[in-house]
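This report refers to the structure that appears directly beneath it.
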Amino acid sequence: MREMNLQNKKITIDIVSDVVCPWCYVGKKRLESALAEMGNSEDVVINWYPFQLDPTIPEEGVDREKYFIKKFGDPGKIRQMFDHLTNVGKEDGIDFQLDMISKSINTFSLHKLLHVAGEEGVKAEAEEIFFKAYFTEGKDLSEVAVLTTLLSGFGWDEEKIKNIMSDDSVGYAVRQEISHYQGMGVSGVPFFVVNNKYGISGAQPSEVFIQALSTVRDEMLVEVQGEVCGPEGC
153 MREMNLQNKK ITIDIVSDVV CPWCYVGKKR LESALAEMGN SEDVVINWYP FQLDPTIPEE
213 GVDREKYFIK KFGDPGKIRQ MFDHLTNVGK EDGIDFQLDM ISKSINTFSL HKLLHVAGEE
273 GVKAEAEEIF FKAYFTEGKD LSEVAVLTTL LSGFGWDEEK IKNIMSDDSV GYAVRQEISH
333 YQGMGVSGVP FFVVNNKYGI SGAQPSEVFI QALSTVRDEM LVEVQGEVCG PEGC
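Written out as structure tokens, the structure is:
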């Protein structure tokens with residue numbers, strides 16, 4: 153008899169995200185709330201994948217106020233967006249300080265750092281560090297000195313960070329991952345893929361995540377039950 157149970161069947165959640173996407177941070181918190189409510193979060197494996205909202209931004213970054221006005225036009229509309237995000241953040245445990253952010257940045261180098269963090273098993277922690285630093289502390293994530301301080305807890309120093317940021321092979325791997333999800337039709341983030349089967353677009357309420365995860369768990373239970381021998385045979 154071959155025994156199977158839910159303890160050895162993991163749910164995978166692939167998250168396509170950009171560091172400077174506020175809704176990606178909201179979506180992260182809502183997913184975490186859903187997992188906490190459901191319990192058995194150890195049965196879930198979360199993988200993070202890169203996306204660039206604007207790869208045309210120069211490496212040194214641009215003035216964020218000018219960038220937003222060029223992109224959205226109306227300062228009043230921008231203020232409404234900021235106020236809405238701030239209110240949403242409070243509900244989901246994020247203290248958005250959007251007025252502290254002085255620069256819009258190119259995130260490609262950050263994704264290179266995250267890629268290596270993934271190889272070392274600390275990608276989820278690094279994602280949270282970057283989100284929190286950028287959105288609640290107004291840190292300039294294009295500055296190596298800032299990144300060195302933020303990642304020092306992983307034992308990373310300035311030399312290692314510079315080496316990663318200049319490593320073309322890491323850059324190639326990041327581009328391949330971005331191209332993969334663009335090829336799947338992902339044009340906005342956050343985007344969540346559950347068990348390579350269900351797609352969830354945007355920072356949906358935690359109830360949406362609970363429903364999707366419950367559906368997947370029910371399907372897995374059926375699969376498990378279908379592979380158990382009974383009195384009638386195998």
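Per the numbering used here, residue 153 is the first one in the sequence shown, and the count goes up by one each step. Beta carbons: idealized from backbone N, C-alpha and C, even for Gly. Model, not experiment: these values are computed from the prediction.
- Taking C-beta atoms as the reference points, asparagine 348 and valine 368 fail to come closer than 7 Å.
- Excluding its 5 nearest sequence neighbours in each direction, isoleucine 230 has C-beta neighbours in its own chain below 8 Å: Phe220, Ile221, Phe224, listed in chain order.
- With fewer than 16 other CB atoms across the displayed protein chains lying within 10 angstroms of its CB, glutamine 232 is exposed.
- The straight-line gap separating the alpha-carbon atoms of asparagine 315 and glycine 323 is approximately 12 Å.
- Looking at Ile167, Leu365, Lys161, Glu212, the one whose alpha-carbon comes closest to that of glutamate 329 is Ile167.
- The way I'd put it, the stretch 240-254 does touch the stretch 287-298; three or more beta-carbon pairs between them come closer than 8 Å.
- Per DSSP, reduced to three states, the secondary structure at glycine 270 is helical.
- Following the DSSP letters along the chain, one finds glycine 351 in no alpha helix (DSSP H) but inside the beta strand (DSSP E) bounded by residues 350-353.
- Each of Lys180, Lys242, Tyr201 was checked against the Cα of histidine 332, and the nearest Cα belongs to Tyr201.
- The three-state secondary structure of aspartate 195, taken from DSSP, is helix.
- Assigned with DSSP and collapsed to three states, isoleucine 221 falls in helix.
- With a cutoff of 7 Å on beta-carbon distance, valine 172 and threonine 259 are scored as near each other.
- Measuring C-alpha to C-alpha distances from proline 210 to each of Ser304, Ser294, Asp320 identifies Ser294 as the nearest.
- Scanning the stretch 251-319 for uninterrupted alpha helix (DSSP H) segments of 4 residues or longer gives 260-271, 275-288, 296-302, 310-317, listed from N- to C-terminal end.
- Only residues of its own chain outside the window of five on either side were considered, and among them Ile246, Phe283, Phe287 have a CB closer than 7 Å to the CB of tyrosine 177, listed in chain order.
- For serine 185, the closest C-alpha among the options Asp370, Gln356, Glu371 is that of Gln356.
- Excluding sequence positions up to five before and after valine 345, its CB lies within less than 6 Å of the CB of Asp166, Gly351, all in the same chain and listed in chain order.
- The criterion of a C-beta distance shorter than 7 Å is satisfied by valine 326 and histidine 263.
- For isoleucine 167, the enclosing beta strand (DSSP E) stretches over residues 163-169.
- No Cβ-Cβ contact shorter than 7 Å links threonine 238 with valine 197.
- Annotation: the continuous alpha helix (DSSP H) that includes phenylalanine 234 extends over 227-243.
- According to the DSSP assignment, valine 345 belongs to the beta strand (DSSP E) that extends over 343-346.
- Judged by DSSP in its simplified three-state form, aspartate 370 adopts helix.
- Excluding five sequence positions before and after glycine 213, the CB atoms of its chain that fall closer than 8 Å to its own CB belong to Lys255, Ser256, Ile257, Asn258, Asp292, Ser294, given in chain order.
- When the Cα atoms are used, phenylalanine 343 and asparagine 199 turn out to be separated by approximately 12 Å.
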